[in-house]
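Residues in the sequence shown are numbered consecutively from 151, following the working numbering.
Ideal Cβ placement from N, Cα and C applies to all residues, glycine included.
In this text, all values refer to a predicted model and were calculated from it rather than measured experimentally.
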Amino acid sequence: MENSPLQVLTVATAPYPDQRPSSSGLRKKVSVFQFKRSYLHNFIQSIFSSIDLRDRQGSTMVVGGDGRFFNRAAIEVIVQMAAANGVGRLIIGHHGIMSTPAVPCVIRKYKAIGGIILTASHNPGGPDGDFGIKFNTANGASEAVTSKIFQISRTLEKFAICPGLRVDLETLGKQAFDLENKFKPLTVEIVDSVESYANLLRNIFDFAALKDLLSGENPIRVRIDAMHGVLGPYVKRILCKELGCPAISAINCVPMEDFGGQHPDPNLTDAAELVDSMRDGSFDFGAAFDGDGDRNMILGKHGFFVTPSDSLAVIADNIFCIPYFQHSGVRGFARSMPTSTALDRVAKATKIEIYETPAGWKFFGNLMDAGLVSLCGEESFGTGGDHIREKDGLWAVLAWLSIISTRRRSVEDIVKDHWLKYGRNYFTRYDYQNVDLDAVCDMMEDLEIMIADKTFVKQRFAVKDKIFQVEKADNFEYTDPVDSSISRNQGLRIIFSDGSRIIYRLSGTGNDGATVRIYLDSYEKDLLFEDTQVMLSPLATIALKISQLHLRTGRIGPSIIT
Ligand code: VG1
Ligand code: CO
């Protein structure tokens, strides 16, 4: 039986209306993918159908996920469908696991036309948690590809599958599958993505200098929390084995299907274990990652928190501490619209071009491909360079360690030096999770009408002794400078005359009801060392007052503040 050609079937299905990928792929409850008839199959078929048949036939594709519950089951189906859709070769991570940043690296290494990434990122996992699917071409994710997949999913009537195909994800190496008559055979290659990814980093950073910093004569002590996500093996191999960090440096480094029941989200609330372990000063540098390894949080001694917006600005200002940029130069910077404008100040001082994009990494891809941008970041704990087309958690850690190794200063000193040089952007984000969708849609509509009114500009708001005057207010719209495509409705912005900003957005990745995000950003030239929440409280008061958010949602405060 083993050697007889496998049968290919075409199965009738009915389309689902809700398979629109959002900020970062299609995310739903596990049960939706697991139990809704052909829900997974429909979306995977839409991905394959979005690729021109000539490009798909005999092509190489990459598959990997963050190891969460349903990862394996989904990969089995994807392999069966890839075979039936004419894919010639699949490169799959060992045990089906591959970090999000490793996928583009493997795509390039094997000259694949794209990759399917199975993750719901920082969303919780397990049978009651979330699952997600994302498709990257060799150039990363893009609006054009994403909307094509969605269009196809809306009218899908059938999918192709090779149900008898059984893949072994545990054994490294090649497996070949013969399909019936007119179909070409499929080769599956199970690879060690950690090694490919480590190779990529070796070409970006000075590993000898980092090794000296971490395990030389006077090493700094680091604490890295993989939060039971996909990065555990990468941390152990790269930071511990290769750069010499002691075993105590790596915590929660065994990937788990449910992330140990926690949110694998690197922020002060969800990574409390790391923050607590740093308080007494036993470690000089701390970092945490999300489930799929593309987000990062950076901490200094005693848990000194570096906001992602500051982290981005600091890396930009010290960019030549990273050998990759010494060789390739720096073409431009980019940040998502809600990210604080700290980066803009570095761009201005260094006369480097800066781009402002909507939230979501997919908007950076075109800029990087066109050679316009070398470093990008988002306030949502995402940082990365143009070495790949994803944000990259471990890259951000090695970027920081490179800066520390060059400047021989502590994290806190580096950040404070930065504020002294440029002034400080105080930044915070309020998330209201699981609120009523209709209520917040109404709120956004009313807000938009209010801020679009001509009289809104120049309006003044007074809170205690602070007065804010509106300078500009709009619904953020982005025109891609490379392909001129327009993305509308990307968040409501109110910008005041002193540069302070209030931004309202609905999340595209949350899965329980709706999530409203309010971003507050203000700039101070002299008051550099104050408490963020105290400094931003006048702006918060205005943001809540004009939106009536609490009244409309019945909440008395945010679910989470970052
Ligand atoms: C959030 C963040 C956004 C990020 C996206 C994916 O989206 O705000 O900046 O790119 O998550 O990150 P939203 O629409 O929920 O605000 V990840 O680590 O989930 O790939
Ligand atoms: Co992620």
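For a test of your reading of the model: does the CB of G510 fall under 7 Å from any non-hydrogen atom of ligand 1? Yes or no. yes
To the nearest angstrom, report how far apart G264 and D342 are at their CA atoms. 18 Å
Minimum length 4: unbroken alpha helix (DSSP H) runs contained in the region 284–345: 293–305
Short Cβ contact (8 Å threshold) for H568 with A463: yes
Could you please give the first and the last residue of the uninterrupted beta strand (DSSP E) stretch that includes P427? One detail in the question is off: residue 427 reads as Ser in this sequence, not Pro. Run containing S427: none in the beta strand (DSSP E); it sits in the alpha helix (DSSP H), 422–428.
Does the region 305–314 come into contact with the region 472–492, if we say contact requires no fewer than three beta-carbon pairs (one atom in each stretch) closer than 8 Å? no
Can the beta-carbon of M600 be found less than 8 Å from the beta-carbon of Y654? no
Presumed contact (8 Å Cβ cut-off) between A262 and T210, rounded CB distance: 4 Å
Which residues mark the beginning and the end of the beta strand (DSSP E) in which C526 is found? 525–528
With DSSP run on the structure shown, which of helix, strand or coil describes M447? strand
Using a threshold of 7 Å, is the CB atom of T533 nearer than that to any non-hydrogen atom of ligand 2? no
Helix, strand or coil at N625 according to DSSP, with G and I counted as helix: Three-state DSSP puts N625 in a strand.
Tell me the DSSP secondary structure of G506 in three-state form. The amino acid at residue 506 is misidentified as Gly; the sequence shows Glu. Reduced to three states, the DSSP call for E506 is strand.
Tell me which residues share the same chain as L548 and place their Cβ nearer than 7 Å to its Cβ, disregarding the 5 neighbours each side in the sequence. L351, F355, L360
Those residues which DSSP pairs with D375 across a bridge: Answer is I401, A438.
Reduced DSSP secondary structure (H/G/I, E/B, other) of M487: coil
Separation of V295 from I197, as counted between CA atoms: 9 Å
Do I225 and G246 have their beta-carbon atoms positioned less than 8 Å apart in this structure? The answer is yes: Cβ separation under 8 Å.
Alpha carbon to alpha carbon, what distance is there between S188 and G573? 54 Å
Span of the beta strand (DSSP E), counted from its first residue to its last, around R211: In the sequence as displayed, the identity of residue 211 is Met instead of Arg. Where M211 is concerned, the enclosing beta strand (DSSP E) stretches over 210–215.
Is R218 near ligand 2, in the sense that its beta carbon is under 7 Å from a heavy atom of that ligand? no
C-alpha distance - Y628 paired with Y505, whole-angstrom precision: 10 Å
For L678, three-class secondary structure by DSSP: Coil, per DSSP.
Residue environment, Q207, which counts as buried when at least 16 other CB atoms sit within 10 Å: exposed
For G394, which residues of its own chain have a beta-carbon under 7 Å away from its beta-carbon, when the five flanking residues on both sides are left out? So the list reads K361, L364, S365, once near-sequence residues are dropped.
CA-to-CA distance, E680 to L670, given in whole angstroms: 15 Å
Using CA coordinates, which residue listed in K178, D202, T712 is at the minimum distance from F577? Of the listed residues, the one whose Cα sits closest to F577 is T712.
Closest by C-alpha distance to T500, when choosing among I465, T659, I668, W511: I465
Check each candidate in F514, E407, F611 and name the one with the smallest Cα separation from S647. F611
Start and end of the beta strand (DSSP E) containing R651? 651–656
Can the beta-carbon of V561 be found less than 8 Å from the beta-carbon of F454? yes
Sequence-distant residues of its chain with Cβ nearer than 8 Å to G515 (five each side left out): N289, G290, A291, S292, R539
Which class does L689 belong to by DSSP, given the choice of helix, strand or coil? helix
Do P416 and H378 count as a contact pair if the criterion is CB distance below 8 Å? At a Cβ-Cβ threshold of 8 Å, H378 and P416 do not count as neighbours.
Among R638, E407, D563, D615, nearest to N625 - alpha-carbon criterion: R638
Using 7 Å as the cut-off, classify the Cβ of S249 as near or not near the heavy atoms of ligand 1, replying yes or no. It does not: the Cβ of S249 is nowhere closer than 7 Å to a heavy atom of ligand 1.
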